[in-house]
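Note sheet for the following structure.
Number of protein chains: 2
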Amino acid sequence: MLAFSRVAIIGMGLIGSSLARAIRAQLPTVRLTVTDADPAVRSRVLDLDLADDVADNAATAVIDADLVILAVPLGAFAAVGVTIAADLAPGAVVSDVGSAKAAVTEALASLMPPGVHLIPAHPVAGTEKSGPDAGFASLFHNRWCILTPPEGTDPTALARLTDFWTRLGARVEIMDAKHHDLVLAVTSHLPHLIAYSIVGTASDLEGVTQSEVIKYSAGGFRDFTRIAASDPTMWRDVFLTNKDAVLEILQRFTEDLTALQRAIRWGDADTLHHRFAASRAIRKAIIDAGQDADTVNFGRDIAPPR
Amino acid sequence: MLAFSRVAIIGMGLIGSSLARAIRAQLPTVRLTVTDADPAVRSRVLDLDLADDVADNAATAVIDADLVILAVPLGAFAAVGVTIAADLAPGAVVSDVGSAKAAVTEALASLMPPGVHLIPAHPVAGTEKSGPDAGFASLFHNRWCILTPPEGTDPTALARLTDFWTRLGARVEIMDAKHHDLVLAVTSHLPHLIAYSIVGTASDLEGVTQSEVIKYSAGGFRDFTRIAASDPTMWRDVFLTNKDAVLEILQRFTEDLTALQRAIRWGDADTLHHRFAASRAIRKAIIDAGQDADTVNFGRDIAPPR
Numbered sequence: 001m002l003a004f005s006r007v008a009i010i011g012m013g014l015i016g017s018s019l020a021r022a023i024r025a026q027l028p029t030v031r032l033t034v035t036d037a038d039p040a041v042r043s044r045v046l047d048l049d050l051a052d053d054v055a056d057n058a059a060t061a062v063i064d065a066d067l068v069i070l071a072v073p074l075g076a077f078a079a080v081g082v083t084i085a086a087d088l089a090p091g092a093v094v095s096d097v098g099s100a101k102a103a104v105t106e107a108l109a110s111l112m113p114p115g116v117h118l119i120p121a122h123p124v125a126g127t128e129k130s131g132p133d134a135g136f137a138s139l140f141h142n143r144w145c146i147l148t149p150p151e152g153t154d155p156t157a158l159a160r161l162t163d164f165w166t167r168l169g170a171r172v173e174i175m176d177a178k179h180h181d182l183v184l185a186v187t188s189h190l191p192h193l194i195a196y197s198i199v200g201t202a203s204d205l206e207g208v209t210q211s212e213v214i215k216y217s218a219g220g221f222r223d224f225t226r227i228a229a230s231d232p233t234m235w236r237d238v239f240l241t242n243k244d245a246v247l248e249i250l251q252r253f254t255e256d257l258t259a260l261q262r263a264i265r266w267g268d269a270d271t272l273h274h275r276f277a278a279s280r281a282i283r284k285a286i287i288d289a290g291q292d293a294d295t296v297n298f299g300r301d302i303a304p305p306r
Numbered sequence: 001m002l003a004f005s006r007v008a009i010i011g012m013g014l015i016g017s018s019l020a021r022a023i024r025a026q027l028p029t030v031r032l033t034v035t036d037a038d039p040a041v042r043s044r045v046l047d048l049d050l051a052d053d054v055a056d057n058a059a060t061a062v063i064d065a066d067l068v069i070l071a072v073p074l075g076a077f078a079a080v081g082v083t084i085a086a087d088l089a090p091g092a093v094v095s096d097v098g099s100a101k102a103a104v105t106e107a108l109a110s111l112m113p114p115g116v117h118l119i120p121a122h123p124v125a126g127t128e129k130s131g132p133d134a135g136f137a138s139l140f141h142n143r144w145c146i147l148t149p150p151e152g153t154d155p156t157a158l159a160r161l162t163d164f165w166t167r168l169g170a171r172v173e174i175m176d177a178k179h180h181d182l183v184l185a186v187t188s189h190l191p192h193l194i195a196y197s198i199v200g201t202a203s204d205l206e207g208v209t210q211s212e213v214i215k216y217s218a219g220g221f222r223d224f225t226r227i228a229a230s231d232p233t234m235w236r237d238v239f240l241t242n243k244d245a246v247l248e249i250l251q252r253f254t255e256d257l258t259a260l261q262r263a264i265r266w267g268d269a270d271t272l273h274h275r276f277a278a279s280r281a282i283r284k285a286i287i288d289a290g291q292d293a294d295t296v297n298f299g300r301d302i303a304p305p306r
């Protein structure tokens, strides 16, 4: 028996639309209602036939749903919470796909009517593209989905949500919300911030033109531009929402970068070599864990047979 | 008629061995002699049959060569220059594939006998792998090769080297050595330094374990680990050799990152959104210029047909 029979998704960008496609592919008997604040997106979702119903607004979308998933930028969570609260069905599970958990959970928790189960979730998956056309059903395959149930969460509701994500191909991990925010600050938020920053630096220099940066980007710069092409609204909200953890990790990064800077200035060859050599082991571990492709150069080049 | 009939390559790592394979594929009549300081590499090159002759040392390798290419870490350039100087053929072109040009050119120039043409070169191409097994013939296809001829370089020698790289599939650009070093500090050296630094930060934190970093690396961190898996000796030498330009660009990056840090701390949503939105245009320009693959997520995920 399926854990949920009527699912509502609020927000049909990359993640919401991937979720809709994954539900259609893996859970075809689920009745799926979706919505988006942007009428153009709702119309596109109709054209793409991604759901059984496309509701005009979030309040309508959640009626009778036993699982509601917020897939909007973090800055819109509180407003959506207010909009849907009165229409949530008793016993419904309310979840999300946001990249920061503690602050958002707090904001939503007080809005939930009695009998509704709030269980925040974060599937650690994505691409640099945005919008309903960018989604695909296999996005969550072999990726981790982190659930951050507040204290006292109903174990049955938690088991149902775990089952749901597992059927979509994800591997589920349970974590404390604050710890989630620190872990993701390291593995996702800091890399995005740095990528945005270096792309900004490179495009605004006195001695080097933008066309030179583009021409010679294969030397390493191009790798940073992929994640710096991610949705600006989503990422603005991530940094504003997970501010404390991001600032803490950023401080550590700056210290480490300053140490490398000193080593360069003073010609400390041993420190540089030691630090650089250690990085290879991490790359290997990530590939061994199935979290990145093991093709050279991300498979950009086609190596001929040897 | 070919520009060169006898080519010697000193150093058979990723770039040297790719060059050997490219010469074999595109210029099969060239007589190719190679060497490497490491006997194990020389033996592997013999097994792989990458050259007509594998010389025991650099001095022997360059005898009668009309093109000599140094493909060793930058720190070994001066020693190789001393070793080969007496055995260089009159009229030979001496070139290289190093990632920094000004300091190295200066170090080599005084060692060259009269009648030998020193024309430094830098093919902007590579992968995260190292060693003779990692090379492939198409590595330079559609990539830029920057030549930095010193003042007074013989135009015929320059034309011959341009022809050589063009036949290997590269696009050739002529540039001043100091300007090259600044451009590459932005597009290649700074990205590598930052990647090494963030990988170091992530693997040595109090609150987050290394296995968590690996598990959730798909959130963005994994993109940085690719270039941080590059050869540590080569990169140590790049930073020590191109010190001034790297420190200058690093200072600019730190200022820009500090500005983003302030925007996060003070909740300046507009600044964050504005900076993030600008990055998409650069990504698009790099793809349009053929310097990166336009597959989503570097093609890691296989998107189903829509």
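Sequences listed follow chains A and B, in order.
Residues in the first sequence are numbered consecutively from 1, following full-length UniProt numbering.
Residues in the second sequence are numbered consecutively from 1, following full-length UniProt numbering.
Think of the CB as a built atom: it goes at the ideal place given N, C-alpha and C, for glycine as much as any other residue.
In the assembly as shown, P90/B is an exposed residue. Its beta-carbon has fewer than 16 other beta-carbons within 10 Å. Within the stretch 205-223 of chain A, those residues whose Cβ lies closer than 7 Å to any Cβ of chain B are, in chain order, L205, G207, V208, E212, V213, I214, K215, Y216, S217, A218, G219, G220, F221, R222, D223. Annotation note: the stretch 156-221 of chain B contains the following uninterrupted alpha helix (DSSP H) runs of length 4 or greater, listed N- to C-terminal: 177-184, 190-202, 210-215.
S95/A carries a strand assignment under DSSP once its states are collapsed to helix, strand and coil. Considering only beta carbons, the part of the stretch 166-182 of chain A lying closer than 7 Å to chain B consists of L182, in chain order. Per DSSP, reduced to three states, the secondary structure at D231/B is coil, with no helix or strand assignment. Taking all protein chains in view, the Cβ of E106/A is surrounded by fewer than 16 other Cβ atoms within 10 Å, so the residue is classified as exposed. For R44/B, the uninterrupted alpha helix (DSSP H) run begins and ends at 39-48, by DSSP. Here W266/A is exposed: its Cβ has fewer than 16 other Cβ atoms, across all protein chains shown, within 10 Å. Straight-line spacing of the CA atoms in L161/A and L32/A works out to 16 Å. Between the alpha carbons of A177/A and V94/A lies a distance of about 16 Å. Under the three-state reduction of DSSP output, T35/A falls in the strand class.
Contact between V104/B and T233/B is absent: CB atoms are separated by about 15 Å, not below the 8 Å threshold.
Counting along the chain, the unbroken beta strand (DSSP E) around H122/A starts and ends at 121-123.
A direct Cα-to-Cα measurement between L260/B and V246/A gives close to 11 Å. Pairing A195/B with A170/B gives a Cβ-Cβ distance that is not under 8 Å. For I23/B, the closest Cβ of chain A is not nearer than 8 Å. Setting aside the 5 residues that flank it on each side, L190/A is surrounded in the same chain by V246, I249, L250, F253, each with a C-beta closer than 8 Å to its C-beta; the list follows chain order. Under the three-state reduction of DSSP output, I63/B falls in the coil class, being neither helix nor strand. When Cβ-Cβ separations below 8 Å define contact, L257/B makes contact with chain A. Exposed is the label assigned to I174/B, since fewer than 16 other Cβ atoms lie within 10 Å of its Cβ. Pairing Q26/B with L168/B, the inter-Cα distance amounts to about 6 Å.
Contact with chain B is found for I282/A, since one of that chain's Cβ atoms lies less than 8 Å from the residue's Cβ. Proximity of Q291/B to chain A, defined by a Cβ-Cβ separation below 8 Å, is satisfied.
Interface residue (Cβ-Cβ distance to chain B less than 8 Å): H273/A is classified as such.
Following the DSSP letters along the chain, one finds L14/A inside the alpha helix (DSSP H) bounded by residues 14-26. The C-alpha of L139/A lies about 7 Å from the C-alpha of A125/A. Between G299/B and chain A, the shortest Cβ-Cβ separation is below 8 Å.
Distances from the alpha-carbon of G207/A to those of A277/B, G11/B, H180/B put H180/B closest. Of the candidates L111/A, T29/A, H192/A, V97/A, the residue whose Cα lies closest to the Cα of R236/A is H192/A. Residue range 102-109 is occupied by the alpha helix (DSSP H) that includes A102/B. Contact between P155/A and A109/A is ruled out by a C-beta separation of about 18 Å, above the 8 Å threshold. Taking a C-beta distance under 8 Å as the contact criterion, P113/B and A79/B do not qualify as a contact pair.
Counting C-beta atoms within 10 angstroms of its own C-beta, G98/B has 16 or more neighbours from the protein chains shown and is therefore classed as buried. DSSP places L147/A outside any alpha helix (DSSP H); the residue lies instead in the beta strand (DSSP E), whose first and last residues are 144-147. DSSP, reduced to helix, strand and coil, places R265/A within a helical segment of the structure shown.
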